[in-house]
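For reference, the structure discussed in these notes is given below.
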Amino acid sequence: MISRSQILAKAAELRAGFEAQGAQVVEPPILQPAGTLLDLYGEEIRARAYVTSDALRGEQMLRPDFTVPVVQMHMAEGAEPARYTYAGEVFRRQEHDPERANEYVQVGYEVFDRTDSAASDAEVFALIAGAVQPLGLRAVTGDIGVLMAAVAGLRTSAARRTALMRHIWRPRRFRALLDRYAGRRAPTAERRALLDGTAGPVTAPVIGLRSAAEIDARVAALREDAALPALSNEEVALIEALLSVKEDMPFALENLRDLAVDLPAIVPAVQRIEARAAALEARGIKTQSLPFETSYGRTSMEYYDGFVFGFYAPNRADLPAVASGGRYDALTRRLGRGAEIPAVGGVLRPGLMLTLETTQ
Amino acid sequence: MTIKLGVPSKGRLMEKTFDWFGARGVTLTRTGSDREYAGVVDGIEEVALVLLSAGEIPRELAAGRLHLGVTGTDLVREKLPLWEQQVQELAALGFGAADLILAVPQAWRDVDTLDDLDAVAAAFRTRHGMRLRIATKYHRLVREYLRLGGVADYELVDSQGATEGTVANETAEAIADITSSGETLRANHLKILLDGPILRSQATLWRSRTAAMDAAEKQALAHFCAQILGPVQTTGR
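Protein chains in written order, with numbering that gives the first Met the number 0: chain A, 0 to 359; chain B, 0 to 236.
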């Protein structure tokens, strides 16, 4: 059994390593205002984070991660470029699996730098990879930016692209929207009647904040959408092919370049992956055998919008990622009140690292 | 030394529960004045009646302070995470049927399904600068249902009663509540989404999997269950 003090000692050692790389130590508070997290993640965060409250400050959350408070701190007062490191507990409410930890220590490294995104991605990945190197973990990488670029380039209405973009991180919902836009799901009888104007008049009064004008506007938007041509089977097939890319880096890039012939919108995103692969090589990472999956990180990593990565213990499917991270440019935009800066970071779980060290 | 049976302490639910047990040869009676929450069990040995709020029965079963309890499926699912590990469903009692549903104003002719609700929530947030509010007391069940349905940009606001009135009062845009006939919904100009209920609930007899029992109590429980249900499997956890 690994003691808490062993974990904290390991965390301190890892943080000192990041500090030696030039990162500034930060200590965000444990209690975070709930409003910011609710705005970002929506109501679902309540299932994952502990909420508490007092009469003066209202709802507070025990920090479910460090990234949000570190971004807020940087956007409020940070100088550029900046590198931060931290170590401390995060808290995750558990409702389904009593085996999962509801409190554990994370050590992180975050880079806010405008100069060279590929180099920053590689810097974070290489540092994290170096820290877990003795454990023989399996790395996985991905890039949510490829799918986002493909959606942005779809030959359909802006409203459809926006709706798909909003559900990039919810694969099932994304799939359902894609099917609907491709005309693969027949509208209900009620919807057909509304669209062709044969539905009976609604006599009920308009109650609540949503006004009659808003209802009329959506009905007009639904009719407009119904009049649009369906998304072509070719485009849907290309998105599907894109999502199924799962190869070692050089072959994945080869696949993506092939797909880019028919999906020119993803060319810049693919070039970013190429630049990153070169930057990783320059850092001594062998990309020849580094896995790349377009869909990696789509279910759990909502604020990542570019490079994503994770490190897993082979033969320990019961354990979550020992380390993970990614790029979150859009998060700095949402928390920056008008400002934004490219940012990338990663976290380690010293408790899991010690568990693996002792069982090896 | 006795098996504790928890029963809702008031109203139709209590009366129907008494009738259900009565039809199986076990007479439950409230004692003392109308206001005193005490009761007796006749027709079987070693069983004590505990009268308490239906909403507290799941918690008491999970804590092992009740061996048996009657309460709605909705309350067990809402209040007990991993409920299957804490209680066993012994019998659906055939009354207290109600569905947990999502309802929106009837005037929302553009909304029939969860997909519509999600699209409206996105537009509502853009237009009003806040998430679309859903009033409910079933926070866990509703949140889980909306997560599986892929609905984003909503907010759950707590409503412990008169939930159907919250939309007209502009404290919520939609509601999630228990309904049996739908009459209160219609009277408040609300309609149910077509996707089907979040949960179908009815009064149910539950057995605690956590209550400690000595040999005599195990025997008393088995005897009691045999009398009211016929032979059932209550061994194991």
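Heads up, the beta-carbon is just placed ideally off N, CA and C, and yes, glycines get one too.
With distances taken from CA atoms, which of A:F111, A:Q132, A:L134, A:R256 is nearest A:L241? A:R256
Out of curiosity, what's the CA-to-CA distance linking A:R361 and A:D142? Here chain A covers residues 0 to 359 and nothing more, so residue 361 of chain A does not appear.
Answer yes or no: does any C-beta atom of chain A fall closer than 8 Å to that of B:V166? yes
I'd like to confirm the pairing. Which residues does DSSP put opposite A:Q93 in its beta bridges? Answer by DSSP bridge pairing: none, since A:Q93 is not bridged.
What residues match up with B:L155 in a beta bridge as DSSP calls it? B:I133
Give the straight-line distance between the Cα atoms of B:T125 and A:A219, rounded to the nearest whole angstrom. 17 Å
Pull out every residue of the region 187-206 of chain A whose Cβ sits closer than 8 Å to any Cβ of chain B, in chain order. T187, E189, R190, L193, A198, V201, A203, P204, V205, I206
Three-state secondary structure (DSSP) at A:M0? coil
Along the chain, where does the alpha helix (DSSP H) that runs through A:A138 open and close? Run containing A:A138: none in the alpha helix (DSSP H); it sits in the beta strand (DSSP E), 137-142.
Cβ neighbours of A:A211 in the same chain (closer than 7 Å, five flanking residues each side left out): V205
Looking at C-beta atoms only, is the number of pairs between the region 96-107 of chain B and the region 188-203 of chain B that lie closer than 8 Å three or more? yes
Contact list for B:Y144 against chain A, beta-carbon separation under 7 Å: The contacting residues do not exist; B:Y144 stays about 12 Å from chain A at best.
A:E109 and A:G344 - do their beta-carbons sit closer together than 8 Å? yes
Could you tell me the distance, in whole angstroms, from the CA atom of B:G181 to the CA atom of B:F94? 16 Å
Can you say whether A:F250 is buried or exposed, counting buried as having 16 or more other CB atoms within 10 angstroms of its CB? exposed
Please confirm whether B:D157 has its beta-carbon closer than 8 Å to some beta-carbon of chain A. no
Beta-carbon neighbours of B:Q105, restricted to chain A and to distances below 7 Å: V201, A203
Whole-angstrom distance between B:T162 and B:D176, CA atom to CA atom: 7 Å
Could you compute how far the alpha carbon of B:W107 sits from the alpha carbon of A:D215? 9 Å
Counting pairs of beta carbons, one from the region 99-116 of chain A and one from the region 82-90 of chain A, are three or more of them closer than 8 Å? yes
Within 7 Å of chain B by C-beta, residues of the region 243-261 of chain A in sequence order: none
Cβ of A:E233 within 8 Å of any chain B Cβ: no
With 16 other CB atoms within 10 Å as the buried threshold, where does A:D120 fall? buried
With DSSP collapsed to three states, give me the class of A:Q23. strand
Write down the C-beta distance between A:L13 and A:L347 rounded to the nearest angstrom, noting that I regard them as a contact closer than 8 Å. 6 Å
Could you check whether the Cβ of A:L208 sits closer than 8 Å to any Cβ belonging to chain B? yes
What's the gap between the Cα of A:N232 and the Cα of A:I238? 10 Å
Please name the residue, chosen from A:P267, A:A229, A:G196, that lies closest to A:A151 on a Cα-to-Cα basis. A:P267
Among the residues of its own chain, which have a CB less than 7 Å from the CB of A:A338, if the five just before and after it don't count? M74
With 7 Å as the C-beta to C-beta threshold (strictly closer), list the residues of the region 210-239 of chain A near chain B in chain order. E213, I214, R217, V218, L221
Taking the alpha-carbon positions, what's the B:T234 to B:L220 distance? No answer about B:T234 holds up, because its pLDDT of 49 lies below 50 and its placement is not dependable.
Bridge partners for A:M60 per DSSP, in chain order? A:Q31, A:V50
Quickly, what does DSSP pair B:S8 with across the bridge? List them, please. Bridge partners of B:S8: none, in fact.
Helix, strand or coil for A:L7, going by three-state DSSP, please let me know. helix
Could one say the Cβ of B:E163 lies closer than 8 Å to chain A's Cβ atoms, at least one of them? no
A:V260 (DSSP reduced to helix, strand or coil): helix
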